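>
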Amino acid sequence: MQIVGVCGPGADRVGDRLAARLGDAGRVATVERGAVDATDASAETASTAVELRADQWRARGGRRDLPQVLDDLAPDHDYAVVVGFPGARVPQVALGDADPAGEVLVDATDADALDLDGVRDALDDVEPYETLESLVERAKSSPDADRSGAIATFTGRVRAKDGPDDDPTEYLEFQKYESVADERMAAIREELEARDGVFEVLLHHRTGVVEAGEDIVFVVVLAGHREEAFRTVEDGIDRLKAEVPLFKKEVTTDEEFWVHKRS
901 MQIVGVCGPG ADRVGDRLAA RLGDAGRVAT VERGAVDATD ASAETASTAV
951 ELRADQWRAR GGRRDLPQVL DDLAPDHDYA VVVGFPGARV PQVALGDADP
1001 AGEVLVDATD ADALDLDGVR DALDDVEPYE TLESLVERAK SSPDADRSGA
1051 IATFTGRVRA KDGPDDDPTE YLEFQKYESV ADERMAAIRE ELEARDGVFE
1101 VLLHHRTGVV EAGEDIVFVV VLAGHREEAF RTVEDGIDRL KAEVPLFKKE
1151 VTTDEEFWVH KRS
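Quick note on numbering: the sequence shown equals residues 901 to 1163 in this note's numbering.
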């Protein structure tokens, strides 16, 4: 899923127009900051209330923050337009004098001056937002899914400490040689998929800042049987760590340093 934020004067109008334009290329979700109606009676009788209608649904309770919502949307959407969250670490369309926390994808003096096609073109060069669930859904859509009896996965995450006396890690920052890393991951995937009984291998490693407790890397394998699936997942993460040029900076509460050993 490709994510783009919109912030600044007129962001709501731009969000609607941009969602319509992106809708020509795929399924779009919009996320807007809004007020909560505390008078809803269902919120008083249940921790979480969900209302289902013929063509829509709504939910209340069980507080969700923006990263959790994006995780929920990723498996079945091609785009997410996030309106009114300038603090979000996502590519942003900055209107007027807006100064978002995320990378500025496109800026414009005002809403009317924004080139929507330019935004869509710029998104093509942005790394997609993947989750374990979105990769599993891609594996399930494989043409060979009807021959599969197993999906095995691996998730690597940022641990705060190796030992009880260590300085806590605040975040890791990953960089990669774009073309070389992508080519190497594609080669690993192709070689693993050539194994008997293995139908789909998906590898994804996040770049940029990844905070303590967040997920870093995913491996998903669709296979005929669990033996092939487990073995290929293990080989996939081992080869990704050994062969893909990814470089890691660790920032703790006391210091920061580049880790020479690959992630």
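Every residue gets a Cβ at the ideal spot worked out from N, C-alpha and C, and that includes glycine. Small disclaimer: the values here were computed from a predicted structure and weren't measured.
Run through DSSP, which three-state label would Ala-938 get?
Legend: pLDDT at Ala-938 = 47, less than 50; position of this residue unreliable, no value from coordinates given.
> Which residue wins for smallest C-alpha separation from Pro-909, given the options Ala-1013, Lys-1141, Gln-1075, Val-931?
With distances taken between CA atoms, Pro-909 lies nearest to Ala-1013 out of Ala-1013, Lys-1141, Gln-1075, Val-931.
> For Thr-1132 versus Val-1121, is the C-beta spacing smaller than 8 angstroms?
yes
> Excluding the 5 residues flanking Glu-951 on each side, which residues of the same chain have their C-beta closer than 8 angstroms to its C-beta?
Residues Ser-942, Trp-957, Arg-958, Ala-959 of the same chain have their beta carbon placed closer than 8 angstroms to that of Glu-951, with the five preceding and five following residues left out of the count.
> Would you tell me roughly how many angstroms separate the C-alpha atoms of Asp-1024 and Val-904, rounded to the nearest one?
11 angstroms
> For my contact list, Ala-988 and Leu-966 are in at a C-beta cut-off of 8 angstroms; report their separation, rounded to the angstrom.
6 angstroms
> Under three-state DSSP, which class holds Ala-998?
In the structure shown, Ala-998 sits in coil (DSSP, three-state: anything other than H, G, I, E or B).
> Identify which residue in Ala-925, Tyr-1077, Ala-920, Asp-1135 has its Cα closest to the Cα of Ile-1088.
Asp-1135
> Suppose contacts are defined by Cβ-Cβ distances below 8 angstroms. Is Val-1159 in contact with Val-1110 by that definition?
no
> I think Val-1006 touches Ala-911, with their Cβ atoms under 8 angstroms apart; what is that distance to the nearest whole Å?
About 13 angstroms; that fails the 8 angstroms criterion.
> Terminal residues of the continuous beta strand (DSSP E) containing Gln-956?
Per DSSP, Gln-956 lies in no beta strand (DSSP E) segment and is marked neither H nor E.
> Check Leu-1035 in the structure and name its three-state DSSP category.
helix
> Do three or more CB pairs link the stretch 1032 to 1051 to the stretch 1077 to 1087 at distances below 8 angstroms?
no
> State buried or exposed for Thr-1031, treating a residue as buried only when at least 16 other CB atoms are found within 10 Å of its CB.
buried
> Where Asp-1046 and Arg-1095 are concerned, what is the direct C-alpha to C-alpha distance, given to the nearest angstrom?
18 angstroms
> As a quick exercise: from Ser-1041, Leu-1146, Val-914, Lys-1040, pick the residue whose alpha carbon is nearest that of Phe-1074.
Leu-1146
> Determine the closest residue to Ala-1039 out of Val-1080, Ala-1123, Leu-1092, Asp-1138, with distance taken between C-alpha atoms.
The shortest C-alpha separation from Ala-1039 is found at Ala-1123.
> Given a threshold of 16 other Cβ atoms within 10 Å of its Cβ, counted over all protein chains shown, does Pro-1028 qualify as buried or as exposed?
With fewer than 16 other CB atoms across the displayed protein chains lying within 10 angstroms of its CB, Pro-1028 is exposed.
> I need the DSSP call for Ala-943, collapsed to helix, strand or coil.
With a pLDDT of 49 at Ala-943, under the threshold of 50, the modelled position of that residue is not reliable, and the figure given next carries that caveat. Helix.
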